[in-house]
Structure formats: C-alpha cells, structure tokens
Amino acid sequence: MSSPAATRISASGLRYRKVRDRFIEALLLAAGLVAVFTTLAIVAILLYESSTFFAHVSIVDFLTDTLWTPLFADAHYGILPLVAGTVTTTMVALLVAVPLGTTIAIYLSEFAPYQLRETVKPILELLGAVPTVVYGYFALTMVTPVLQWLMPELPGFNMLSAGLVIGLMIVPYVSSVSEDAMRAVPRYMREGSYAMGATRLQTALRVVVPGAFSGLAAAFILGISRAVGETMVVAIAAGMQPNFTFDPRQPAATITAYIVQVSLGDLPHGSIGYQSIFAAGLVLMIITLIFNIIGFSLTRRFREAY
Amino acid sequence: MSASGAAAYLNSEQLRRGLSRRKVLDKVFVLVGLIVMLACLAVLAILFIDLVRDGASRFGWDFFTNFASRRAERAGILAAWVGTSLIMLVTATCAVPVGVAAAIYLEEYAPKNWFTAVIEINVTNLAGVPSIVYGLLALGLFVYQFDLGQSIAAAGLTLALLILPIVIVATREAIRSVPKAIREAAYGLGATRWEVTKDHVLPYSTGGILTGMILGLSRAIGETAPIITIGALSFIAFLPQSPVQSEFPFVSFAWLKDPFTAMPIQMFNWVSRPDQAFQANAAAAGAILLGMTLIMNALAIWIRYRFRKKINW
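In structure tokens:
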C-alpha cells in the first residue's frame, strides 16, 4: 500500500505531532494551575500580612473588643463592630432578595410561558451586571431620600438603604439558582400532583418547592455570601464609621467598607493600619468561604438527587 | 361502595367552591409573580433614566476631553476613560488566553482524578471570592512583592484574575456543547488531541468563548473595590504615556507602569463629595458606565443567539 519511505516520513511526522501534543498539554495544564495558584496566593498573602498584625494585637481582643479604631491614637482592634455592620446589611438584603427572588423563580419556572421566560431571564441577569458603584449612587441619591421621606429622622448614611439596594442586586442571582433547582424536579412529580387535582400553585408550593429545597437553600446561602462581600454600595451609602449596632437605621461600616476607607487614605506599607485591612480581609474570606462551601455542596446535592 | 358513602366525601357544591377558590389563588399568584418581576425590571429602567436625567447637563464633548477638576462644570473623564481602556486591554490579553487554555485542559485533556478535582474546586471557589479580596491579593502581591506599584499593569492583572473563572466557565460550557461524534470522527482519521481541539472543537465554540469574554470584561469594567485597594488615584491631570510612538519601534509599553484612574473610581470620587454639583458629574459618568455594561451584555446575548441559530449539528 505505501512505500517504506512514506511510512518513515509519516512515522517521524507522527512523532513530531505527538511531542507537540505533549508540549501543548503542559501549557494548557499550566493555565489550569493559575486558578490553584491564585487561591494559594490569596490565602498566603492574607495569612502572612495578618500574622504580623496578630503579633501586635491579641486574637482575643480582636474577637471580643467592641471598638474598632485602628487609625486613632487610642487604638482598639475589635472586629465586632465591622461584623455587626456586615450582618445587618446582609440581613436587610436577604429580606429583600429571598421573597422577591423566590417568587420570581416560582413564577418563571412553573407559570411563565416559554417565550416570556427566555426573554425575561437575560434582562433580569442585567440587574446583577450593573456596576456596584452605580448601585451605590442609586442608594445614596434615590433610595435614601425616599426612606427619609417615610422616616424623617433617618440619617443621610444608613445601613437600611444600602441593604435594600444590595438585596435588589442579588435578586437575579437568587432567582436563577432557585429556578435551576426547581427545574431539576422531575416532570412526573408535577404530573402526579396535577392528576390528583392540584392547581399549578398547589403543585408549585407543595411538590416543587419541597422537592427543590436544598437548591433553594443553596440559592439563599450563595446570596448571603454575595451580600457579605459587597463593597461599594455600603462604602457609599452606609457611611464608613465603625459602629457596634444591629439597628439598620444607623450608619455603620462593614468589613468591606473599612478596607475601602483605609485604601483611600495613604497608609504606609507595613504599618499596623495597613496590616489591619488584611486581618479584616481574612475574616471576610473565612465567612464567605464557609457560606460558599455550604452553598456549593447543597447545589451538588440537588443536581444528583433525581 | 354505596352512592351515599361517596357523597359524604364528594359534596359537589363544596368541591366546586374549593376548586374555584384554588383557581382564584392560582390567578392571584400569576399576577403577583408578574408584578414582582416587572418591578425588578422597572428598577433597571429607573436606574438608567435617573442617571441620564441627573447627568444630562454634563454630557458633551468637553466631558470626554477634560481632566478632573476642582470645578464640577469643568471636570471631565478623559483620564478615567483612557485608564479604563488601557486596563481592559491588559485584562483581556491576560484573562482570555489563560482562561480559554484552562477550560480546554479541563474539558479535553484532564484525566478524572483528584488533581483535576482540585483545579475544578478552585475555579468554583474563585468565582465566589469577594472582589475586594482580589484587591488585597493584588496589593500584597502585585504592588509590593512584584513591585509593579500602583500601576495600570497591577490593575489589569488583578481584574484578569477576577474574571478568569467567568471566562473558564463560559468556555467550558461552549466546549461541552460540541457533540462527541465530531471529536470521534477526527480521532478516527488519526488526528491528535490538539488537532481535534484546534480544528474542530474551538471553531464550533467560538460563540460561547466570545460571550464569556465579553461578559467577563463587562464585569471588569465596573469593578471598583479591587482597584481602590491597589491605590488608584482619583485626581489625575495627565495621561499615561502613549502606547504608540512616532519613532522605531513604534510601540511602547511604558504606560504599563504609569499611575492611573478609571471610570468607576472617578464616579466613586464624585459621589463621595459633599458638593451637590459633583453629583451631576457622578450621574453622567455612571450613565456612561452603565450604558457600556448594558451594550456589552446585549452584545453577548446577541452573539450567543446568532451562533446558536447558525450551528446545525
């Protein structure tokens, strides 16, 4: 069929192609490893810079002191006020995002005609794509004045307005994860319910929602993680003063807002103030990591359930 | 089974009333769902209209060609939009090749073992890391360890890491939608793995990859927190060195090390000023920023739609 020469040529060609393949595979693997190194670098940098911080500040003080004044002469390093601010804005955000997101998800998954769902979903996703600094402007110049009209004693910077806007921001995220979970509930379960004479609403609330429960929980938890890490809205609309309170009508700083506040100033590299943002970042990273791990393990569960 | 026994359970009058009540509830929920959904969409419209209205007085040629200024009506976004463009250039050149390569590795090459699982978990996890943490990473690593300083290069690299998971996930989805039969046909003709990928898988996934790239960049363009952390300046009255020169070798990379400002930073700076006049500038900058994000997202949707329609397996 082929002369020996031709066989030799194609054999060397094949060897070349195989070597090239190995080389390219190594390059592609290196690109994949960038993700691993990024994670390692984040952990290493946060731990390294915080370790020098914790050489100055005891961990007990850090976790129990209720004052956070690293930039004052009388410096206190209690993370609690920042955590309180973060918890409060997140709670407000959830009060908005959970009911709205779930309602939209149920509507889109169980009621909306196909054409409407396919049209609305990408538009809804845009809500999550709006730059956060724009949301900050919206909170400060539009939501706060409306709230002040309802509650005249409300200060110009407050956590309520920031939390409400963060809530709106994460609605599309909560609704899309919830909708995925509900659509993963098999059709025959709905049909069984319809056959028993249930309406669409009854089927949605008593069959689909319980069936998709772990997925809904995942949506809320991943939403929490988003809200905790949100920065610009709180930095703009909630004020940047650490304030140990759970009252959303008060101004307060969150962990993220503190990092922004310090970064805006001109702190020398290696000072305690500089290191304090890494300690704050470490706390933020740990909180979001815990929520992300729970959330992702729940989403994996609903994908495997049926 | 006597007729009277059945009647005890199925009083038709009660049944009918219960049924019509349930049907009304059904209709009520449809209404509520529609209202909630439209309300959320209305927020988007209000946001845009509000920004355009508040910033209307600033739109004009001068706004794009003036530097920031102490006087609101003179202040413009020249340094900001030039900075944002250059940062996006760095981000795209870093994130797209690395992201696409990583996705190809995970979909086409990676064996199913714990090592691959580690990479995959890392990608998922990175997508959930708050953006400001990337800023801290960049501050510690790029600015001080690599000694890039508070430069365009540091900002571009930071945002590249930030959007890497978006590019990877979008590319993987695109690659996964290429039917197995196409790969097997190519392997059957003796193609190597890379030849299959380069000649068959990648051309078919171009649409998905482009979509991911645009969505990633639209995220990067509005990110504020990480570049504040690096130390973007908000008051810059000069431009970075030009990338194009009149003498040989015609291109210069000196701009990579220049200090910068960016659109979202400029907007944040104006928002946080107490002087009301600057709020109009902030609104105008915000309208442009939001407009760019919306255009990029619309483009991504359109590309996805076009490619999906064009391909017939």
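Order-wise, the sequence lines are chains A and B.
Everything in the first sequence is counted per our numbering, starting at -18 for the first residue and increasing by one.
Everything in the second sequence is counted per our numbering, starting at 470 for the first residue and increasing by one.
Glycine included, C-beta positions come from ideal geometry on N, C-alpha and C.
For B/I515, count neighbouring Cβ atoms within 10 angstroms of its own Cβ and tell me buried if that reaches 16, exposed if not.
So B/I515 ends up on the exposed side.
Check whether B/I556 and B/L725 have beta carbons under 8 Å apart:
The criterion of a C-beta distance shorter than 8 Å is not satisfied by B/I556 and B/L725.
Cβ contact check for the region 583 to 602 of chain B and the region 19 to 39 of chain A: 3 or more pairs under 8 Å
Touching, yes.
Under 8 Å between C-beta atoms of A/G254 and A/V243:
Going by C-beta atoms, A/G254 is nearer than 8 Å to A/V243.
8 Å Cβ cut-off: residues of chain B touching A/V101
Result: M506 and L510.
Please name the residue or residues paired with A/Y58 in a DSSP beta bridge.
Within the DSSP bridge table, the entry for A/Y58 names A/W49 as partners.
Sub-8 Å separation of B/I632 and A/T237 beta-carbons:
In this structure, A/T237 does not lie closer than 8 Å to B/I632 by Cβ.
Please state the DSSP three-state secondary structure of A/A234.
Three-state result, A/A234: coil.
Inter-residue CB distance, A/M140 and A/T184 (contact presumed, cutoff 8 Å):
Contact flag wrong, Cβ pair sits at about 39 Å.
Beta-carbon within less than 7 Å of B/V665's beta-carbon, same chain only, minus the 5 sequence neighbours each way: which residues are those?
Taken in chain order, the residues that qualify are R652, A655 and Y656.
Taking 8 Å as the cut-off, decide whether the C-beta atoms of B/T661 and B/A572 are in contact.
Not in contact: B/T661 and B/A572 (Cβ atoms no closer than 8 Å).
Would B/F737 and A/M213 qualify as a contact pair, given that the criterion is a beta-carbon distance under 8 Å?
A contact, by the Cβ cut-off of 8 Å.
Is there a C-beta anywhere in chain A that falls below 8 Å from the one on B/L768?
B/L768 does not count as touching chain A.
Taking the beta carbon of A/E91 as the centre, do at least 16 other beta carbons fall within 10 Å, making it buried, or is it exposed?
Around the beta carbon of A/E91, 16 or more other beta carbons sit within 10 angstroms, so the residue counts as buried.
Would you say A/M213 reaches chain B, if we count a Cβ-Cβ gap shorter than 8 Å as a contact?
Chain B has a Cβ within less than 8 Å of the Cβ of A/M213.
If you measure from the beta carbon of A/I202 to each beta carbon in chain B, is any gap under 8 Å?
No, A/I202 does not count as interfacial toward chain B.
Sufficient close CB pairs (3 or more, under 8 Å) joining the region 105 to 113 of chain A to the region 205 to 225 of chain A:
Yes, the region 105 to 113 of chain A is in contact with the region 205 to 225 of chain A.
Using a Cβ distance threshold of 8 Å, determine whether the region 126 to 144 of chain A contacts the region 156 to 163 of chain A, with at least three qualifying pairs required.
Here the region 126 to 144 of chain A makes no contact with the region 156 to 163 of chain A; the two share fewer than three CB pairs at distances below 8 Å.
Among A/P232, A/V189 and A/S156, which has the Cα closest to the Cα of A/F201?
When A/P232, A/V189 and A/S156 are compared, the shortest CA-CA separation from A/F201 is found for A/S156.
The region 240 to 251 of chain A: positions lying closer than 7 Å to chain B by Cβ:
Residues passing the 7 Å Cβ filter: I240, V241, S244, L245 and H250.
Please state whether the Cβ-Cβ distance between A/L27 and A/L248 is less than 8 Å.
In this structure, A/L248 does not lie closer than 8 Å to A/L27 by Cβ.
Going by alpha carbons, who is nearest to B/V636 out of B/V612, B/N750 and B/R688?
Nearest C-alpha to B/V636: B/R688.
What in chain B is Cβ-close to A/D161, meaning under 7 Å?
Residues of chain B passing the Cβ test: none, with the nearest at roughly 14 Å.
Is there at least one Cβ from chain A nearer than 8 Å to B/K779's Cβ?
It does not: the Cβ of B/K779 has no partner Cβ on chain A nearer than 8 Å.
Can you list, in chain order, the residues of its chain whose CB lies under 8 Å from that of B/S674, leaving out five sequence neighbours each side?
For B/S674, where only same-chain residues beyond five positions count, the Cβ hits under 8 Å are T640, A643, I644, S646 and V647.
From A/T125, A/T280, A/I267 and A/M266, residue whose alpha carbon lies closest to that of A/I217:
Of the candidates A/T125, A/T280, A/I267 and A/M266, the one whose C-alpha sits nearest the C-alpha of A/I217 is A/T125.
How do the region 74 to 88 of chain A and the region 501 to 512 of chain B stand: do at least 3 beta-carbon pairs fall below 8 Å, yes or no?
Counting C-beta pairs with one atom in each stretch, the region 74 to 88 of chain A and the region 501 to 512 of chain B have three or more that are closer than 8 Å, which means they touch.
Inspect the beta-carbon positions of B/T560 and B/L759 and report whether they are closer than 8 Å.
The answer is no: Cβ separation not under 8 Å.
Roughly how far, in whole angstroms, is the beta-carbon of A/Y29 from the beta-carbon of A/F43, given that I think they are within contact range, below 8 Å?
In this structure A/Y29 does not touch A/F43 by the C-beta definition: roughly 17 Å separates them, more than the 8 Å allowed.
Touch test, the region 602 to 617 of chain B against the region 536 to 544 of chain B, Cβ-Cβ under 8 Å, three pairs minimum
Verdict: no, contact absent.
Cα-Cα separation, A/M(-18) to A/A(-8)
The pLDDT assigned to A/M(-18) is 44, lower than 50, so where the model puts this residue is not dependable; a value taken from the coordinates is nonetheless given after this. Taking the Cα positions, A/M(-18) is about 15 Å away from A/A(-8).
Whole alpha helix (DSSP H) elements within the region 603 to 647 of chain B, 4-residue minimum
Segments of the alpha helix (DSSP H) lying fully in the region 603 to 647 of chain B: 621 to 645.
Under a CB-based cut-off of 8 Å, is A/D2 close to chain B?
Yes, because at least one Cβ of chain B sits closer than 8 Å to the Cβ of A/D2.
For B/S600, name the three-state secondary structure that DSSP assigns.
Collapsing the DSSP output to three states places B/S600 in a helix.
Kindly indicate if chain A contains any beta-carbon less than 8 Å away from that of B/S672.
Before going further, note that residue 672 of chain B is Pro rather than Ser in the sequence given. Under the 8 Å criterion on CB atoms, B/P672 is classed as non-interfacial with respect to chain A.
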